[in-house]
Amino acid sequence: MLSEPTAADAPFGDALVEAAVVREDLVVLSADLSKYTDLVPFLEQFPSRFFQIGMAEANMMGIAGGLAKTGVRPVAVTYGVFATRRSYDQVAMALATGPTASTIVAFLPGITTPFRATHQAIDDLALMRALPGMTVIDPLDATELRAAFLGTLDSDGPVYLRGLRGRVDRLLDPAGYEFRVGRVLPLRSGGNEVGVVGTGIGTAWALEAAQALADAGLDVGVLHVPTIKPLDVDSVAEWCCRRSAIVTIENHSIVGGLGSAVAEVLAEHGAGTRLRRLGVPDRWADAGSVPHIRGRLGLDADALAKAIAAEADR
Amino acid sequence: MSAGTTHVATDISLQERALRIRRTVLEMCRGRGQGYAGQGLALADLMACLWFGVMRREDDGTFRDRFVLSTGHSAIALFAVLRELGIYELDELRGYGSDGSRIEESPLEGTPGFEITGGSLGQGLSQAVGMALGARLRNRDARVFCLVSDGELQEGQVWEAAMSASHHRLGTLTVLVDNNGIQADGATSAVMGVEPVVDKFESFGFDAEVIDPHDHAQLLGALRSHGYAPRALVLPTIPGRGVPSFESHHKVHYIRAPDDVWKAAQAELETAARA
Numbered sequence: 000m001l002s003e004p005t006a007a008d009a010p011f012g013d014a015l016v017e018a019a020v021v022r023e024d025l026v027v028l029s030a031d032l033s034k035y036t037d038l039v040p041f042l043e044q045f046p047s048r049f050f051q052i053g054m055a056e057a058n059m060m061g062i063a064g065g066l067a068k069t070g071v072r073p074v075a076v077t078y079g080v081f082a083t084r085r086s087y088d089q090v091a092m093a094l095a096t097g098p099t100a101s102t103i104v105a106f107l108p109g110i111t112t113p114f115r116a117t118h119q120a121i122d123d124l125a126l127m128r129a130l131p132g133m134t135v136i137d138p139l140d141a142t143e144l145r146a147a148f149l150g151t152l153d154s155d156g157p158v159y160l161r162g163l164r165g166r167v168d169r170l171l172d173p174a175g176y177e178f179r180v181g182r183v184l185p186l187r188s189g190g191n192e193v194g195v196v197g198t199g200i201g202t203a204w205a206l207e208a209a210q211a212l213a214d215a216g217l218d219v220g221v222l223h224v225p226t227i228k229p230l231d232v233d234s235v236a237e238w239c240c241r242r243s244a245i246v247t248i249e250n251h252s253i254v255g256g257l258g259s260a261v262a263e264v265l266a267e268h269g270a271g272t273r274l275r276r277l278g279v280p281d282r283w284a285d286a287g288s289v290p291h292i293r294g295r296l297g298l299d300a301d302a303l304a305k306a307i308a309a310e311a312d313r
Numbered sequence: 000m001s002a003g004t005t006h007v008a009t010d011i012s013l014q015e016r017a018l019r020i021r022r023t024v025l026e027m028c029r030g031r032g033q034g035y036a037g038q039g040l041a042l043a044d045l046m047a048c049l050w051f052g053v054m055r056r057e058d059d060g061t062f063r064d065r066f067v068l069s070t071g072h073s074a075i076a077l078f079a080v081l082r083e084l085g086i087y088e089l090d091e092l093r094g095y096g097s098d099g100s101r102i103e104e105s106p107l108e109g110t111p112g113f114e115i116t117g118g119s120l121g122q123g124l125s126q127a128v129g130m131a132l133g134a135r136l137r138n139r140d141a142r143v144f145c146l147v148s149d150g151e152l153q154e155g156q157v158w159e160a161a162m163s164a165s166h167h168r169l170g171t172l173t174v175l176v177d178n179n180g181i182q183a184d185g186a187t188s189a190v191m192g193v194e195p196v197v198d199k200f201e202s203f204g205f206d207a208e209v210i211d212p213h214d215h216a217q218l219l220g221a222l223r224s225h226g227y228a229p230r231a232l233v234l235p236t237i238p239g240r241g242v243p244s245f246e247s248h249h250k251v252h253y254i255r256a257p258d259d260v261w262k263a264a265q266a267e268l269e270t271a272a273r274a
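Chains as they are written, first to last, in numbering that gives the first Met the number 0: chain P, 0 to 313; chain L, 0 to 274.
Right, here's the structure in full:
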């Protein structure tokens, strides 16, 4: 499943065009961020199906709901902070109560932006996870972003998909990779002491740490959970309960996202498995490059490896 | 409206239709002794003219033109229209606001006849804009009418939506402003003044005017008219219209009263209608 690491340019933009060629009902909305969310190829090829809404995300979500009622499939694209905090009630009312067949693609997930709280979507998974009927996906790489976008375009309800823009790492082999909502991917088997559960690029960080630990003689399993909701509760529980301790790693606050979802699973299964949640601590993250912020938050490979090893030693 | 419709009598005058809507509004509130009767009565003339004199249908009876209820609390008026269209029976409508009834005071999308989830105020106009854009994209000759309230204009999203409607030149879109002067905390002018509403919509690129919401000839002329720019009809409705004692009711935003009050209101409505 894992391939030699490469990268892809603007995988979402390519996937969007690929879908639009075969689906005449696909329309795209942007709130003044088309150039920054890889939409240019689409709007150049399908100008009549592109709706520029200006800097008004709440309005954009409502318009998406109205468009859907004319039989088209709206794809509303913006940054995660604006798709959630800025327009939460609109997403809930216009897209989730129907429910409305629609897709929100939300860029700059977590710390993948040099700006701080204004642009870092560290709470979007928590917010979207709380909405009834919302599908919430945090893809690992270019392969999964494309597959998850294309693979959910026939959903009956709303889909919240975190986007990765520009040059995006590719870790999963696109040959044979099929996205299915809820499916979890065991990427490393590992031993029974400690296992790592990741989502989004947090799984890439987990793999870095697991490799560092393997080099040092500790074999750690890694489970990738791209779909935060609906969560495959049984598979997550089965994988986690075989281990003495679980560490979750996510590009998101440790409050309300993957770590919380796994905690709920473990508790409700009466597993008693020890859990450590790693991600953005419950404070506003630093500014800067992703490596810099990871270092500041204890999310670089070395720090993660130490935290995981500490769980194995307990 | 996508809900299928049964045969609708077309030989009923709009005056009679408005009276029937008002009767249904009172019957609905009488069931539990409370509800948004003031709004339902106030909107009866508009709803009668719009649904039975303006909105166009397809050959199969479904509506080509669409009605978007942003001010969800005025659902009572739409329920009364839907009774006229054969979607609901009076017996069920009497359960208005009751536990377990689908006749909610502010329904969600999916309730037959309700295109959107209104009631989280300020949001409906955006969906109406989306419907107008979608109709144009799909080459459908469909107009979209969106009912908002004056208090609702305090929500910023209304103006985001208005800006986008004129930017995208949605001449098929008509905003109906129930400018009744009241909102939850009191008079709109005291809570947060929204006037001049016509000037505001005009400055946002709308063709806007004040229309007497109880004059059917004016309503029909204004509702049928549309052009290049989106339209805003500002309707200074009289809450409780048709029931004199309700028109002067001090808590007309939401009326809760014993059964004899509702019974008297029904009698007043009939007397006023004959006058």
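Each residue gets a CB set at the ideal place from its N, CA and C atoms; glycine is no exception. Computed from a predicted model, the values in this text were never measured in an experiment.
Could you round the C-beta distance between residue i and residue j to whole angstroms and report it? I think they count as a contact, below 8 Å.
i, j, result
"residue 206 (chain L)", "residue 230 (chain L)", "5 Å"
"residue 53 (chain L)", "residue 223 (chain L)", "6 Å"
"residue 257 (chain P)", "residue 280 (chain P)", "Incorrect: roughly 15 Å between the Cβ atoms, too far for contact."
"residue 195 (chain P)", "residue 205 (chain P)", "4 Å"
Consider the Cβ of residue i: report whether some Cβ of chain L lies at a distance smaller than 8 Å.
i, result
"residue 88 (chain P)", "yes"
"residue 83 (chain P)", "no"
"residue 50 (chain P)", "yes"
"residue 195 (chain P)", "no"
"residue 101 (chain P)", "no"
"residue 68 (chain P)", "yes"
"residue 74 (chain P)", "no"
"residue 234 (chain P)", "no"
Identify which residue in the options has its Cα closest to the Cα of residue i.
i, options, result
"residue 201 (chain P)", "P:216, P:170, P:182", "P:170"
"residue 35 (chain L)", "L:181, L:131, L:11, L:153", "L:181"
"residue 140 (chain L)", "L:122, L:169, L:125", "L:169"
"residue 164 (chain P)", "P:116, P:135, P:38", "P:38"
"residue 36 (chain P)", "P:103, P:308, P:235, P:313", "P:103"
"residue 268 (chain P)", "P:117, P:239, P:278", "P:239"
"residue 190 (chain L)", "L:227, L:125, L:76, L:152", "L:152"
"residue 131 (chain P)", "P:272, P:141, P:93, P:46", "P:93"
"residue 278 (chain P)", "P:22, P:306, P:263, P:266", "P:306"
"residue 252 (chain P)", "P:197, P:245, P:173", "P:197"
"residue 220 (chain P)", "P:212, P:54, P:226", "P:212"
"residue 233 (chain L)", "L:256, L:194, L:245, L:204", "L:194"
"residue 12 (chain P)", "P:43, P:51, P:225", "P:43"
"residue 32 (chain L)", "L:258, L:273, L:262", "L:258"
"residue 183 (chain L)", "L:118, L:262, L:90, L:43", "L:118"
What residues in its chain sit with their C-beta under 7 Å from that of residue i, if we drop five residues either side in the sequence?
i, result
"residue 79 (chain P)", "105, 106, 107, 108, 120, 123, 161"
"residue 113 (chain P)", "286, 287, 288"
"residue 164 (chain L)", "128, 172, 229"
"residue 188 (chain P)", "220"
"residue 187 (chain L)", "149, 150, 180, 181, 193"
Within 10 Å of its beta-carbon, does residue i have 16 or more other beta-carbons around it, so buried, or fewer, so exposed?
i, result
"residue 249 (chain P)", "buried"
"residue 83 (chain L)", "buried"
"residue 138 (chain L)", "exposed"
"residue 87 (chain L)", "buried"
"residue 216 (chain L)", "exposed"
"residue 283 (chain P)", "exposed"
"residue 266 (chain L)", "exposed"
"residue 172 (chain P)", "exposed"
"residue 45 (chain L)", "buried"
"residue 0 (chain P)", "exposed"
Is there a C-beta anywhere in chain P that falls below 8 Å from the one on residue i?
i, result
"residue 153 (chain L)", "no"
"residue 73 (chain L)", "no"
"residue 232 (chain L)", "no"
"residue 286 (chain L)", "Since the first residue shown for chain L is 0 and the last is 274, residue 286 (chain L) is missing from the structure and cannot be characterised."
"residue 115 (chain L)", "yes"
"residue 128 (chain L)", "yes"
"residue 159 (chain L)", "yes"
"residue 81 (chain L)", "no"
"residue 163 (chain L)", "yes"
"residue 125 (chain L)", "yes"
"residue 133 (chain L)", "yes"
"residue 202 (chain L)", "no"
"residue 137 (chain L)", "yes"
Closer than 6 Å by C-beta to residue i: which residues in its own chain qualify, once you throw out the five before and the five after it? Chain order, please.
i, result
"residue 190 (chain P)", "218"
"residue 145 (chain P)", "10, 14"
"residue 25 (chain P)", "18, 19, 72"
"residue 57 (chain P)", "86, 89"
"residue 3 (chain L)", "With a pLDDT of only 42 at residue 3 (chain L), under 50, the local geometry of the prediction cannot be trusted, and no value is derived from it."
Tell me which same chain residues have a C-beta within less than 8 Å of the C-beta of residue i, skipping the five on either side of it?
i, result
"residue 33 (chain P)", "39, 42, 49, 51, 76"
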